[in-house]
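For reference, the structure discussed in these notes is given below.
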Amino acid sequence: SGDEAKTNMAIQWLETYFADDLIIAELKGSSNSLWTISPPSRLNLIEMLGSKEKGDKGEDQEFLITVSWTVQRNLSLGAKSEMASGKNVIPLEENTKRDLVMLLNGTANQVIIPELIPRYIRAPSDSEATAVEKLGEKT
Numbered sequence: 001s002g003d004e005a006k007t008n009m010a011i012q013w014l015e016t017y018f019a020d021d022l023i024i025a026e027l028k029g030s031s032n033s034l035w036t037i038s039p040p041s042r043l044n045l046i047e048m049l050g051s052k053e054k055g056d057k058g059e060d061q062e063f064l065i066t067v068s069w070t071v072q073r074n075l076s077l078g079a080k081s082e083m084a085s086g087k088n089v090i091p092l093e094e095n096t097k098r099d100l101v102m103l104l105n106g107t108a109n110q111v112i113i114p115e116l117i118p119r120y121i122r123a124p125s126d127s128e129a130t131a132v133e134k135l136g137e138k139t
């Protein structure tokens, strides 16, 4: 089955690493990152999220959102670069755009944007950190 094949592929990928190669990092919900937006920018964003404008060829306009990450390493452990970074850019689904408008209007408390932050990131010794597709990531 497809799930079994995915599981086998993930196991084969993980077998190429030692336990010391893997680190679990947790992002806290109470992160010190705070997103602020001025009232005029907020209104502009609400308008952009609710826009039904079409592109040059009549297609729906995509609303892209980007998240980036940086992994810092200890150079004394053999890394070629102290920092490795990557990013993920995804188009927002219509229901997510609608939910964000509600959040910005104060009629919702949270919005979940699926697949924005990869669950697994590979950060080898160079300067690139990428999502791990073999462990179920699509990006």
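Anchor point for the sequence shown: position 26 equals 26 in UniProt numbering, and the numbering is continuous, going up by one each time.
C-beta: ideal position from N, C-alpha, C; glycine also.
State the DSSP-derived secondary structure class of residue i, mapped to helix, strand or coil.
{"i": "R73", "result": "coil"}
{"i": "W13", "result": "helix"}
{"i": "residue 219", "result": "Here the chain has residues from 1 to 139 only, and residue 219 is not among them."}
{"i": "A84", "result": "strand"}
{"i": "E115", "result": "coil"}
{"i": "G4", "result": "The amino acid at residue 4 is misidentified as Gly; the sequence shows Glu. Correct three-state label for E4: helix."}
{"i": "T96", "result": "helix"}
{"i": "residue 188", "result": "Residue numbering for the chain in the displayed model covers 1 to 139; residue 188 lies beyond these limits and cannot be assessed."}
Have a look at the DSSP bridge pairing and note the partners of residue i.
{"i": "L64", "result": "P91"}
{"i": "I121", "result": "A131"}
Any idea if residue i is buried or exposed, counting beta-carbon neighbours within 10 angstroms, 16 or more meaning buried?
{"i": "I121", "result": "buried"}
{"i": "A19", "result": "exposed"}
{"i": "A123", "result": "buried"}
{"i": "L22", "result": "exposed"}
{"i": "Y43", "result": "With the sequence shown as reference, residue 43 is identified as Leu, and Tyr is not the correct amino acid for it. The residue in question, L43, is exposed, as its Cβ has fewer than 16 Cβ neighbours within 10 Å."}
In terms of residue numbering, what span does the alpha helix (DSSP H) encompassing residue i cover?
{"i": "P39", "result": "39-50"}
Quick one: residues in its chain with C-beta nearer than 7 Å to the C-beta of residue i, no 5 flanking neighbours on either side, listed in chain order?
{"i": "E128", "result": "A84, G86"}
{"i": "Q72", "result": "E82, M83"}
{"i": "residue 145", "result": "There is no way to answer for residue 145, as the model of the chain reaches only from 1 to 139."}
{"i": "I65", "result": "I90, L92, I113, L116"}
Leaving out five residues before and five after residue i in sequence, what residues of the same chain have Cβ atoms less than 6 Å from its Cβ?
{"i": "residue 178", "result": "This structure does not reach residue 178, given that the chain is present from 1 up to 139, and the question cannot be answered."}
{"i": "E15", "result": "none"}
{"i": "I37", "result": "none"}
Excluding sequence positions up to five away, which residues of its chain have a Cβ less than 8 Å from the Cβ of residue i?
{"i": "A108", "result": "D99, M102"}
{"i": "M48", "result": "F63"}
Looking at the C-beta of residue i, does it have a partner C-beta in chain B at a distance below 8 Å?
{"i": "T130", "result": "Looking for chain B here will not work: only one protein chain is present."}
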